[in-house]
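Asker: Just passing along the structure, written as structure tokens.
In structure tokens:
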């Protein structure tokens, strides 16, 4: 039940971000889809105790990979699909808690949370990089070495 | 002394570079990654016969030079206003594809790009605000808030996003609109809680602030850094950090007033 709740809300949230970023109408559902799959991976990994950093890494990897597939298939720039999907992973909550602790003069907790937020941002970046590398390897090893499409 | 032919040739190159720069300008303004801007300009130039081009793209300007015939032509375009408009990125990408495929010629390409530049393709304002609200409400649930927080987060998020757009129009100072909007969100959420709508202030604020989060900047900064565009990557990262800081301090102001 809670998984269904998470699936639906993450789909709507990612698609809504597609609207905010003015993604083309026909790509909104795909934005929602990539966001939903990424979020559910994150949610499963964190709820089974693998930690938020690993969860974020896996989720951002998956989102970027799916976005690559969409981009290739629909001949659209990859960021259209990945940006909306990555948004739920951005450590907004942690950044908020960090700020809150700083305001309440609890600097130790604030710094610990801030470093964690930084780690998660890094995990998003590394996930995107891994997926890019994978995409690059696949493209290199494909039969047609020259791909004329605009990525 | 230039012969007639070279003069024509120079004009031709100038026209081609115009089209390249127009495409690059629209893409950069709409939030495309740096490497995509460079790649698109290179492809367009190549399709029209300029084989050797050099471009230097930063978030605030494009330098583009065509290494073809003498004297070499170089042009500079300044980008002052950047928004997020993925539809325009996709459209310019399409045009570039058609040029590469030889489907449209130079004049047609210029006409189409001009049309894209002028067009206002954003979703209607009510839809953007509604989307921001829905996203905020959903985020409150995704961050494990109760369904009681859905409605207040939806309203605070929608109102916050609308106030962000208004503030941005009123005071075109960067980061200030984000700051004011997050103060507004904090105040709204506190008021909702005071009059008994919603349970957890944290979840409502986190959800409502999400539409302001610089997500595109963060992903683009990473991709730019990976592609070796260190200047663009770092400056986009700095912009993202400052935006996040503005949002955070806006919320902090409200929290410290409580």
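Protein chains in written order, with this note's numbering: chain A, -13 to 137; chain B, -16 to 241. All residues carry an ideal CB built from backbone N, CA and C; glycine is no exception. A quick note: this is a predicted structure, and the numbers were derived from the prediction, not measured.
Using a C-beta cutoff of 7 Å, does residue 38 of chain A count as contacting chain B?
Answerer: Not closer than 7 Å to any Cβ of chain B, the Cβ of residue 38 of chain A fails to qualify, so no.
Asker: Near residue 41 of chain A, which residues of its chain fall below 6 Å by C-beta distance, leaving aside the five closest residues on each side in sequence?
Answerer: Closer than 6 Å at Cβ, skipping near neighbours: 28, 31 and 32.
Asker: Can you list the residues of chain A that residue 72 of chain B reaches, using a CB-CB cut of under 8 Å?
Answerer: Ordered by position in chain A, the residues that pass the 8 Å Cβ test against residue 72 of chain B are 63, 65 and 66.
Asker: Hey, is the stretch 175 to 183 of chain B in contact with the stretch 224 to 241 of chain B, meaning 3+ C-beta pairs nearer than 8 Å?
Answerer: Cβ pair count under 8 Å is below three, so no.
Asker: Can you pull the chain B neighbours of residue 81 of chain A, defined as C-beta to C-beta under 7 Å?
Answerer: Near residue 81 of chain A (Cβ distances below 7 Å), the residues of chain B are 227 and 231.
Asker: Are the C-beta atoms of residue -4 of chain A and some chain B residue less than 7 Å apart?
Answerer: Closer than 7 Å to some Cβ of chain B, the Cβ of residue -4 of chain A qualifies, so yes.
Asker: Taking only beta-carbon positions, decide if residue 8 of chain A is within less than 7 Å of chain B.
Answerer: At least one chain B Cβ lies under 7 Å of residue 8 of chain A.
Asker: Assuming the contact rule is C-beta atoms closer than 8 Å, residue 113 of chain B and residue 140 of chain B should be a hit. Round their C-beta distance to whole Å, please.
Answerer: No, residue 113 of chain B and residue 140 of chain B are not in contact; Cβ-Cβ is about 10 Å, not under 8 Å.
Asker: State buried or exposed for residue 110 of chain B, treating a residue as buried only when at least 16 other CB atoms are found within 10 Å of its CB.
Answerer: The residue is exposed, with fewer than 16 neighbouring Cβ atoms inside 10 Å.
Asker: For residue 160 of chain B, which of helix, strand or coil comes out of DSSP?
Answerer: In the structure shown, residue 160 of chain B sits in a helix (DSSP, three-state: H, G or I).
Asker: Am I right that residue 207 of chain B and residue -3 of chain B are in contact with their C-beta atoms under 8 Å? What's the rounded C-beta distance?
Answerer: At roughly 29 Å, the Cβ-Cβ gap does not stay under 8 Å, so residue 207 of chain B and residue -3 of chain B are not in contact.
Asker: In terms of residue numbering, what span does the alpha helix (DSSP H) encompassing residue 59 of chain B cover?
Answerer: Note, residue 59 of chain B: premise wrong, no alpha helix (DSSP H); beta strand (DSSP E) at 56 to 61.
Asker: Which of helix, strand or coil does DSSP assign to residue 180 of chain B?
Answerer: Three-state DSSP puts residue 180 of chain B in coil, outside helix and strand.
Asker: Just grab the DSSP bridge partners of residue 47 of chain B for me.
Answerer: Per DSSP, B:38 and B:58.
Asker: Run through DSSP, which three-state label would residue 53 of chain B get?
Answerer: Correct three-state label for residue 53 of chain B: coil.
Asker: Can you list the residues of chain A that residue 194 of chain B reaches, using a CB-CB cut of under 7 Å?
Answerer: The contacting residues are 6.
Asker: Taking buried to mean at least 16 other C-beta atoms within 10 Å of its own C-beta, is residue 132 of chain B buried or exposed?
Answerer: Burial call: buried.
Asker: Which one of A:54, A:81 and A:125 has the shortest CA to CA distance from residue 106 of chain A?
Answerer: For residue 106 of chain A, the nearest C-alpha among the options comes from A:81.
Asker: Within 10 angstroms of the Cβ of residue 239 of chain B, are there 16 or more other Cβ atoms? Answer buried if so, exposed if not.
Answerer: With fewer than 16 other Cβ atoms within 10 Å, it is exposed.
Asker: Output needed in chain order: residues of the stretch 95 to 121 of chain B with a Cβ under 7 Å from some Cβ in chain A.
Answerer: Residues 104, 105, 106, 110, 111, 114, 115, 117, 118 and 121.
Asker: I want to verify the contact list: residues of chain B whose CB lies under 8 Å from the CB of residue 125 of chain A, in sequence order.
Answerer: Near residue 125 of chain A there are no residues of chain B at all, since even the closest Cβ is about 14 Å away, more than 8 Å.
Asker: For residue 136 of chain A, I'd like the list of residues in its chain whose CB is within less than 6 Å of its CB, leaving aside the five on either flank, ordered along the chain.
Answerer: Note on residue 136 of chain A: pLDDT 45, under 50, position unreliable in the model; no value is reported.
Asker: Going by Cα to Cα distance, which pick from A:36, A:68, A:100 and A:14 is closest to residue 83 of chain A?
Answerer: Checking every option, the nearest Cα to that of residue 83 of chain A belongs to A:100.
Asker: How about residue 102 of chain B and residue 144 of chain B: do their beta carbons lie closer than 7 Å?
Answerer: No, the pair does not count as a contact, with Cβ atoms beyond the cut-off.
Asker: Please work out which residues of its chain come closer than 6 Å, Cβ to Cβ, to residue 201 of chain B, disregarding the five sequence neighbours upstream and downstream, and give them in chain order.
Answerer: Excluding positions up to five away in sequence, the list reads 223.
Asker: Quick test of your reading: residue 11 of chain A and residue 67 of chain A, contact by CB under 8 Å. State the CB separation rounded to the nearest angstrom.
Answerer: In fact, because the Cβ distance is near 14 Å, the residues do not count as touching under 8 Å.
Asker: Just to confirm before moving on: does the CB-CB distance between residue 190 of chain B and residue 119 of chain B stay below 7 Å?
Answerer: Yes. Within cutoff.
Asker: Buried or exposed for residue 54 of chain B, please, with buried defined as at least 16 other CB atoms from any protein chain shown within 10 angstroms of its CB.
Answerer: Residue 54 of chain B should be labelled exposed.
Asker: Mind checking if residue 15 of chain A is an interface residue toward chain B, Cβ cutoff 7 Å exclusive?
Answerer: Not an interface residue.
Asker: How many whole angstroms separate the CB atoms of residue 73 of chain A and residue 60 of chain B, which I take to be in contact at a CB cut-off of 8 Å?
Answerer: Contact doesn't hold; Cβ gap of about 30 Å is too wide.
Asker: Please work out which residues of its chain come closer than 7 Å, Cβ to Cβ, to residue 89 of chain B, disregarding the five sequence neighbours upstream and downstream, and give them in chain order.
Answerer: Only -2, -1, 2 and 31 meet the Cβ criterion.
Asker: Spell out a yes or no on whether the stretch 36 to 49 of chain B and the stretch 69 to 82 of chain B are touching, meaning 3 or more CB-CB pairs, one atom from each, closer than 8 Å.
Answerer: Output reads no: the stretch 69 to 82 of chain B does not touch the stretch 36 to 49 of chain B.
Asker: Could you spell out the range, first to last residue, of the alpha helix (DSSP H) harbouring residue 65 of chain B?
Answerer: Premise fails: residue 65 of chain B is in no alpha helix (DSSP H) and is neither H nor E.
Asker: Whose CA, out of A:-8, A:-2, A:115 and A:-11, lies closest to the CA of residue 54 of chain A?
Answerer: Among A:-8, A:-2, A:115 and A:-11, the Cα nearest to that of residue 54 of chain A is on A:115.
Asker: If you measure from the beta carbon of residue 89 of chain A to each beta carbon in chain B, is any gap under 7 Å?
Answerer: Residue 89 of chain A counts as touching chain B.
Asker: Leaving out five residues before and five after residue 158 of chain B in sequence, what residues of the same chain have Cβ atoms less than 7 Å from its Cβ?
Answerer: Cβ neighbours of residue 158 of chain B beyond the five flanking positions: 225, 226 and 229.
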